[in-house]
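First comes the structure, then the notes that go with it.
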Amino acid sequence: MDEVIQVMSADDIRRAVTRIAHEIIERNNGAADLFIVGIQKKGVPFARRIQQTLQAIENLPVPFGTLDITLYRDDFGSHTSALDPTDIPESITGKTVILVDEVIFTGRTVRSALNALMDFGRPSTIQLAVLVDRGHRELPIRPDFVGKNIPTSRREDVEVDLASDPQNDRVTIRKLAEQEATQ
Amino acid sequence: MTLSQKHVLGLQDMSAQDMLCVLDQAQEMKEILSRPIKKVPTLRGKSVVTVFFENSTRTRISFETAAKTLSADVTGFSASTSSVQKGESLKDTILTLSAMAADVFVIRHQASGAAEFVSRYTDAHVINAGDGQHEHPTQGLLDMLTIRQHKGRIEGLTVAIVGDITHSRVARSNIWGLTRLGAKVRLVGPETLLPAEVRQLPVEVFHDLREGIRDCDVVNVLRIQLERQEAGLFPSLREYAQRFGLNSNALREARPDVLVMHPGPMNRGVEIAADVADGEFSVVEEQVSNGVAVRMALLYLLLGGSDDAVAH
Chain A
1090 MDEVIQVMSA
1100 DDIRRAVTRI
1110 AHEIIERNNG
1120 AADLFIVGIQ
1130 KKGVPFARRI
1140 QQTLQAIENL
1150 PVPFGTLDIT
1160 LYRDDFGSHT
1170 SALDPTDIPE
1180 SITGKTVILV
1190 DEVIFTGRTV
1200 RSALNALMDF
1210 GRPSTIQLAV
1220 LVDRGHRELP
1230 IRPDFVGKNI
1240 PTSRREDVEV
1250 DLASDPQNDR
1260 VTIRKLAEQE
1270 ATQ
Chain B
58 MTLSQKHVLG
68 LQDMSAQDML
78 CVLDQAQEMK
88 EILSRPIKKV
98 PTLRGKSVVT
108 VFFENSTRTR
118 ISFETAAKTL
128 SADVTGFSAS
138 TSSVQKGESL
148 KDTILTLSAM
158 AADVFVIRHQ
168 ASGAAEFVSR
178 YTDAHVINAG
188 DGQHEHPTQG
198 LLDMLTIRQH
208 KGRIEGLTVA
218 IVGDITHSRV
228 ARSNIWGLTR
238 LGAKVRLVGP
248 ETLLPAEVRQ
258 LPVEVFHDLR
268 EGIRDCDVVN
278 VLRIQLERQE
288 AGLFPSLREY
298 AQRFGLNSNA
308 LREARPDVLV
318 MHPGPMNRGV
328 EIAADVADGE
338 FSVVEEQVSN
348 GVAVRMALLY
358 LLLGGSDDAV
368 AH
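What follows is the structure, given as structure tokens:
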């Protein structure tokens, strides 16, 4: 039986989203040129929460897109994942793109996402927001906005559940059996 | 997530699950073609060889565009400018090309079964781009993608295929694919252009155009090959156009939201009237762009690994 520990509650996540939204506004002197991009799959619901909070605070529409990075992965041939929709509805050129994922681990997903974004235009800046930073970076990539730093072992898996009802949101850590540990 | 088969030789042998997987992925691939930079790095270092023993515009360019969009290297082989002219056999041609480290062969050949034959002599993946009168599976898949985009489903639809069924690999791939995904298929054409084995196919047969397309959701019009007239299969193009040419009058028999499809190249004024070909129900150009997306999906799925796991 895998051991499952809850590390963030629904309230913790709500507060983290609010804080990150305020940090984004503070850093960028408002939300006027922002463009939120969620990385498929689990980055998308987290990015949605940030976008909605930004819009509520600043009272203006913030453009939103989704990005599937599967075709940009550096391990094609060992993994073939189903593609999810990529939808960047307007130009990102000149925008401040807030790239959003739920967990940052090795940094390879973010590297792929950066390459993918560049094929859509030339943003003036890209900043990175994550709900959980679990360490173990393999590339020189660092998030600008972090919900929570959670030191983990590679034998653990961090699971972010952003349910349709925010009351059921949670982040858990699951200890993996030896053979299924992700690299 | 990959296909359960190594080669794509025909839809007769392809499972519904594999077909749906291709259609789903093709749907996402379409988005790439609308980007400012229409290229993703996925298949870098992979080699796709197109081997064409018959002339082709759209299929060949479509495969090349698909492979290049995914960053694969593409080598083109045309029988007319190759050692085939010196008498080299298909088998030796494939062995030679295999030795140059091809990962995928895309083959078109006038002989039915050629793609399957090629698959016996190479470790590479083989995609059938049309073999004789047998199958043209990527055309079948792109037709189904186009139908699904407009109708939201395949299951429960009625699709009429009109024209020269006997000589049409497009018709065969459509019949197998559509029926496997739950559509009803009608074949419409003169007796002389319907294959002898028609009674064994899971289809309804009509010899009258209006009756055949009545209440259909989709009408897929096939090209009449002009050389068939010389073989005496129908008296004249004019008579064929009168009896089986799809014009706007006849089209009123079909459902009001009918889709009109044609695999190209079209003989305007013969099997399809110009105003129907360019009309509001026609999705002919969309078929072409969907063709690239379907071929991208196939290359992606065939050349990918076998694992679903994702690390962050």
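Chains as they are written, first to last, in the numbering used here: chain A, 1090 to 1272; chain B, 58 to 369.
C-beta: ideal position from N, C-alpha, C; glycine also.
Exercise for the section: Starting from B/Gln42, follow the alpha helix (DSSP H) in both directions and report where the run begins and ends. Expected result: Shown here, chain B extends from 58 to 369; a query on residue 42 of chain B therefore has no answer.
Exercise for the section: Using a Cβ-Cβ cut-off of less than 9 Å, give me the residues of the stretch 66–100 of chain B that come near chain A, in sequence order. Expected result: Cys78, Asp81, Gln82, Gln84, Glu85, Met86, Glu88, Ile89, Arg92, Pro93, Ile94, Lys95, Lys96, Val97, Pro98, Thr99 and Leu100
Handout entry: Cross-chain neighbours of B/Leu358 in chain A, by beta carbon under 8 Å
Key = Thr1169
Handout entry: Same chain, Cβ closer than 7 Å to B/Ser128, five either side skipped, listed in chain order
Key = Lys96, Val97, Pro98, Thr99, Leu100 and Arg101
Handout entry: C-alpha gap between A/Val1093 and A/Pro1240, whole angstroms
Key = 15 Å
Exercise for the section: Would you check if the distance between the CB atom of A/Ile1158 and the CB atom of A/Thr1198 is smaller than 8 Å? Expected result: yes
Exercise for the section: Using a cut-off of 8 Å between C-beta atoms, extract the partners of B/Gly361 located in chain A. Expected result: Phe1165, Gly1166, His1168 and Thr1169
Problem - CB of B/Asp75 within 8 Å of CB of B/Ser61, strictly - result: yes
Handout entry: Residues near A/Leu1265 by beta carbon distance below 8 Å, same chain, minus five either side
Key = Asp1091, Arg1244, Glu1245, Asp1246 and Thr1271
Handout entry: Reduced DSSP secondary structure (H/G/I, E/B, other) of A/Asp1100
Key = helix
Exercise for the section: Use the C-beta contact count for A/Thr1185: other C-beta atoms within 10 angstroms, 16 or more gives buried, fewer gives exposed. Expected result: buried
Practice task
Please classify B/Asp365: is it buried, with 16 or more other beta-carbons within 10 angstroms of its beta-carbon, or exposed?
Solution key: Legend: pLDDT at B/Asp365 = 44, less than 50; position of this residue unreliable, no value from coordinates given.
Practice task
Could you check what DSSP says for A/Thr1155 in three-state terms: helix, strand or coil?
Solution key: strand
Practice task
May I ask which residues mark the beginning and end of the alpha helix (DSSP H) holding B/Ile94?
Solution key: Looking at the DSSP string, B/Ile94 is not in any alpha helix (DSSP H), and its letter there is neither H nor E.
Handout entry: Range covered by the alpha helix (DSSP H) that runs through B/Ile204
Key = Pro194 to Lys208
Exercise for the section: Could you have a look at B/Asn277 and say whether DSSP puts it in helix, strand or coil? Expected result: strand
Practice task
Give the single residue among B/Leu251, B/Ala311 and B/Thr116 whose Cα lies nearest to the Cα of B/Phe291.
Solution key: B/Leu251
Practice task
At 9 Å on the CB atoms, spell out the chain B contacts of A/Phe1209, in chain order.
Solution key: Arg92, Pro93 and Ile94
Exercise for the section: Count the other CB atoms, across all protein chains shown, that sit within 10 Å of the CB of B/Glu85; report buried if there are 16 or more and exposed otherwise. Expected result: buried
Problem - Amino acids of chain B, ordered along the chain, whose beta-carbon sits closer than 9 Å to that of A/Thr1175 - result: Glu85, Glu88, Ile89 and Arg92
Handout entry: Interface flag, A/Asp1157 vs chain B, CB-CB below 8 Å
Key = yes
Problem - Own chain residues within Cβ distance below 6 Å of A/Val1096, not counting five before or after - result: Ile1239, Val1260 and Ile1262
Practice task
Rounded to whole angstroms, what's the CA-CA distance from B/Ser139 to B/Phe110? Just pull it up for me.
Solution key: 10 Å
Handout entry: Neighbourhood of A/Ala1252 by C-beta, 7 Å cutoff - its chain only, sequence neighbours within 5 removed
Key = Asp1258
Handout entry: A/His1225 to A/Gly1196 span [Cα, whole Å]
Key = 8 Å
Handout entry: Buried versus exposed, by CB contacts within 10 Å (16 or more), B/Glu192
Key = buried
Practice task
For the stretch 305–317 of chain B and the stretch 271–285 of chain B, state whether three or more C-beta atom pairs, one from each stretch, are separated by less than 8 Å.
Solution key: yes
Exercise for the section: For B/His369, collect the residues of the same chain with a Cβ closer than 6 Å to its Cβ; drop the 5 residues on either side in sequence, then sort them by chain order. Expected result: Model confidence at B/His369 stands at a pLDDT of 41, short of 50, so the residue's coordinates are unreliable and nothing is read from them.
Problem - Straight-line gap, B/Leu147 to B/Ala136 (C-alpha atoms, nearest Å) - result: 10 Å
Practice task
Measure the beta-carbon distance from B/Asn324 to B/Thr203 and round it to whole angstroms, keeping in mind my assumption that it falls under 8 Å.
Solution key: The pair is not a contact, with the Cβ atoms about 21 Å apart (cut-off 8 Å).
Practice task
Please report how far the alpha carbon of A/Pro1212 lies from the alpha carbon of B/Thr179, in whole angstroms.
Solution key: 46 Å
Problem - B/Leu355 beta carbon less than 8 Å from that of B/Ile94 - result: no
Problem - Among B/Val340, B/Ile218, B/Leu238 and B/Lys125, nearest to B/Ser103 - alpha-carbon criterion - result: The displayed chain sequence assigns Lys, not Ser, to residue 103 of chain B. It is B/Lys125.
Exercise for the section: May I have the straight-line CA-CA distance separating B/Gly67 from B/His224, to the nearest angstrom? Expected result: 16 Å
Problem - Length at least 3, wholly inside the stretch 140–198 of chain B: the beta strand (DSSP E) runs in chain order - result: 161–166 and 182–188
Exercise for the section: With a threshold of 16 other CB atoms inside 10 Å of the CB of B/Gln344, please say whether the residue is buried or exposed. Expected result: buried
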